[in-house]
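Line order of the protein sequences matches chains A and B.
Residue 187 in UniProt numbering sits at position 187 of the first sequence, with consecutive numbering throughout.
Residue 158 in UniProt numbering sits at position 158 of the second sequence, with consecutive numbering throughout.
We put the CB at the ideal spot given by N, CA and C, even for glycine.
Bear in mind the structure is a predicted one, so any value in this text is a computation, not a measurement.
Number of protein chains: 2
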Amino acid sequence: MNNVQEESLRDQKKNRRRLHILEIARSIIATKGLRSLKVRDVAEAAGCSVGSVYNEFGDFDGVILTVNRETVQALTVRLGRVPAEDPVRQLYGLAETYLEFFADNANLLRSLFEHRMEDDRPYPDDILQMVMDAFALMHPPLVRLLPDADDVKIALLSRTLFSAVHGIISLGLEERMVAVPPQMLRQQVTQFLDAHLLGLGILPAR
Amino acid sequence: MNNVQEESLRDQKKNRRRLHILEIARSIIATKGLRSLKVRDVAEAAGCSVGSVYNEFGDFDGVILTVNRETVQALTVRLGRVPAEDPVRQLYGLAETYLEFFADNANLLRSLFEHRMEDDRPYPDDILQMVMDAFALMHPPLVRLLPDADDVKIALLSRTLFSAVHGIISLGLEERMVAVPPQMLRQQVTQFLDAHLLGLGILPAR
DNA sequence: CTTTAAAATGAACAATGTTCAAGAAGAATC
DNA sequence: GATTCTTCTTGAACATTGTTCATTTTAAAG
Chain A
1 MNNVQEESLR
11 DQKKNRRRLH
21 ILEIARSIIA
31 TKGLRSLKVR
41 DVAEAAGCSV
51 GSVYNEFGDF
61 DGVILTVNRE
71 TVQALTVRLG
81 RVPAEDPVRQ
91 LYGLAETYLE
101 FFADNANLLR
111 SLFEHRMEDD
121 RPYPDDILQM
131 VMDAFALMHP
141 PLVRLLPDAD
151 DVKIALLSRT
161 LFSAVHGIIS
171 LGLEERMVAV
181 PPQMLRQQVT
191 QFLDAHLLGL
201 GILPAR
Chain B
1 MNNVQEESLR
11 DQKKNRRRLH
21 ILEIARSIIA
31 TKGLRSLKVR
41 DVAEAAGCSV
51 GSVYNEFGDF
61 DGVILTVNRE
71 TVQALTVRLG
81 RVPAEDPVRQ
91 LYGLAETYLE
101 FFADNANLLR
111 SLFEHRMEDD
121 RPYPDDILQM
131 VMDAFALMHP
141 PLVRLLPDAD
151 DVKIALLSRT
161 LFSAVHGIIS
171 LGLEERMVAV
181 PPQMLRQQVT
191 QFLDAHLLGL
201 GILPAR
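Below, the structure written as structure tokens:
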């Protein structure tokens, strides 16, 4: 069996267009929000017909979900680059990186967390799994810091920490709700972790 | 000036209809989610024309925003009933009440937090204010527990706590993301508060 | 009862997601 | 390279849903 895949001219064009459509959709979501994403706008900007968008992604949700998939992938890459030497620093680093990524890509993250499917179709499993994988990045440092805790406890704790930090950041960046200045938000996240890790016995009391 | 307002037959019908429309819209959002709310469905169920809905609420966002307004009002009432004798108990009570309310009205809360306006019209100020007022209910117990902290610190802390608990609950109830069983979610919230209040020096170390 | 002001109506319009028959374009075969 | 075959692309037509407004209806005022 030949490993070198012959890519036909047809496939080349198809792939190029697919990437182009995604890039445009992502750009619209990022700058104007998910609600401003329209099939015709995407098709026109990509220089193809609306039919091609449907041909490539099945329906419009398909475009959105693919963008969301790439968003969580990009997030995971960024979180994975946080240094792992010191587990405490790693936890702070994960939170700060999440804040930075969220601040830079607020509308993309909202698309990931807030988009509802048409009717009651289920959200794709692979995206759920990727989100889980992203916040499972907290497991290793937590295991090192709490060697006596069992896996279930660690999993629960990482879920709690992730959700709490997510709440602080997503509401903090929601200009309409609370409008915390970004620099203050960073401080808010840090202070949150200070108190919580102290309460967990991970940080020494001052 | 006469305090007894003569309510004309016209006004009676108008008010009755207004309430009817809202009840139906709320019911649809609560059971099938915001995305399933359609003008024609509401009008038909309310026994009036679509024009009347527009006449009463300006546009469709107007209906949604009015439902959201009533949701945060109902939440505030519920939170305001939490006993205030013991400030620590009060904080736990507020979190548990929020969880209970969120679990019972998940789609209504999501409508409140996730609905985006058309274009870039601003979210109504009074709703923002009501949300702020709701989580300002944490101020009094926090002031009692941290008498040395200044107002700014208290305000920041209450915002942090509210956002963190909101994150834990909203992601925890998001079946598609994490799917925490409700009973376990309650425990998760309690343990979160345990650790955090301990870290803040509010609870004594065990 | 007549007149008048306000409100309700729903057909028509506008915006947007979706489909599909017809045509175009690349691949396969000779 | 011409012909056939397969696949993809197209965009007009359709479906759904938010929005408007001329007309009709209805309650109030005279």
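Query raised in the report: How would you call Leu19 (chain A), buried or exposed, if buried means at least 16 neighbouring beta carbons within 10 angstroms?
Result: Here the question's residue 19 (chain A) lines up with position 19 in the first sequence. Exposed, because fewer than 16 other Cβ atoms sit within 10 Å of the Cβ of Leu19 (chain A).
Query raised in the report: Between Glu96 (chain B) and Val189 (chain B), which are expected to be in contact by the criterion C-beta below 8 Å, what is the C-beta distance as a whole number of angstroms?
Result: Translated into positions along the second sequence, residue 96 (chain B) becomes position 96. Translated into positions along the second sequence, residue 189 (chain B) becomes position 189. Their Cβ separation, rounded to whole angstroms, is 7 Å, which keeps Glu96 (chain B) and Val189 (chain B) in contact under 8 Å.
Query raised in the report: Thinking C-alpha only, which one of A:Gly80, A:Ala136 and A:Arg116 is nearest Asp151 (chain A)?
Result: In the first sequence, residue 151 (chain A) corresponds to position 151, counting from 1. Among A:Gly80, A:Ala136 and A:Arg116, the Cα nearest to that of Asp151 (chain A) is on A:Ala136.
Query raised in the report: At a Cβ cut of 7 Å, what residues of the region 142-162 of chain B count as close to chain A, listed as they run along the chain?
Result: Leu156, Arg159 and Thr160
Query raised in the report: Is Ile168 (chain A) close to chain B, meaning its C-beta is less than 7 Å from at least one C-beta of that chain?
Result: Along the first sequence, read from residue 1 onward, the residue named residue 168 (chain A) stands at position 168. With 7 Å as the cut-off, Ile168 (chain A) counts as an interface residue toward chain B.
Requested in this report: Check whether the Cβ atoms of Ala25 (chain B) and Val77 (chain B) sit closer than 7 Å, and answer yes or no.
Outcome: Position 25 of the second sequence, counted from the first residue, corresponds to residue 25 (chain B). Position 77 of the second sequence, counted from the first residue, corresponds to residue 77 (chain B). No.
Query - Beta carbon of Gly167 (chain A) nearer than 7 Å to that of Gly167 (chain B) - result: Taking the first sequence and counting its residues from 1, one reaches residue 167 (chain A) at position 167. Taking the second sequence and counting its residues from 1, one reaches residue 167 (chain B) at position 167. Contact flag set, yes.
Query raised in the report: Which residue comes first and which comes last in the alpha helix (DSSP H) that contains Met130 (chain A)?
Result: Taking the first sequence and counting its residues from 1, one reaches residue 130 (chain A) at position 130. Start and end: Asp125 to Phe135.
Query raised in the report: Since Met177 (chain A) meets chain B, which of its residues come closer than 7 Å, beta carbon to beta carbon?
Result: Along the first sequence, read from residue 1 onward, the residue named residue 177 (chain A) stands at position 177. Result: Leu128 and Val131.
Query - C-alpha distance - Met132 (chain B) paired with Ala46 (chain A), whole-angstrom precision - result: In the second sequence, counting from the first residue as 1, residue 132 (chain B) sits at position 132. In the first sequence, counting from the first residue as 1, residue 46 (chain A) sits at position 46. One C-alpha to the other measures close to 43 Å.
Report task. Compare the C-beta of Arg116 (chain A) against all C-beta atoms of chain B and say whether one is closer than 7 Å. Result -> Here residue 116 (chain A) is taken as the residue at index 116 of the first sequence, counted from 1. Yes, because at least one Cβ of chain B sits closer than 7 Å to the Cβ of Arg116 (chain A).
**Report entry** Interface positions of the region 96-111 of chain A facing chain B (Cβ-Cβ less than 7 Å), listed along the chain
**Finding:** none
**Report entry** Own chain residues within Cβ distance below 8 Å of Arg17 (chain B), not counting five before or after
**Finding:** Taking the second sequence and counting its residues from 1, one reaches residue 17 (chain B) at position 17. The residues are Ala46, Cys48, Ser52 and Glu56.
Query - Cutoff 7 Å: Phe192 (chain A) Cβ touching any chain B Cβ - result: For the purposes of this step, residue 192 (chain A) is identified with residue 192 of the first sequence, where counting begins at 1. Yes - at least one Cβ of chain B is within 7 Å of the one on Phe192 (chain A).
Query raised in the report: Should Ser111 (chain B) go down as buried or exposed, given a rule of 16 or more other Cβ atoms within 10 Å for buried?
Result: Here residue 111 (chain B) refers to the residue found at position 111 when the second sequence is read from its first residue. Under this definition Ser111 (chain B) is a buried residue.
**Report entry** Residue span of the alpha helix (DSSP H) that contains Gly80 (chain B), given as start and end
**Finding:** As a position in the second sequence, residue 80 (chain B) is number 80, starting the count at 1. Per DSSP, Gly80 (chain B) belongs to the alpha helix (DSSP H) from Phe60 to Gly80.
Query - Close beta carbons around Lys13 (chain A), own chain, < 7 Å, minus the five adjacent residues each side - result: Within the first sequence, residue 13 (chain A) is the residue found at index 13, counting from 1. Same-chain partners within the cutoff: there are none.
Query raised in the report: Counting contacts by CB-CB distance shorter than 7 Å, is Gln183 (chain B) in contact with chain A?
Result: Sequence index remark: in the second sequence, residue 183 (chain B) carries index 183 (1-based). Not one chain A Cβ lies under 7 Å of Gln183 (chain B).
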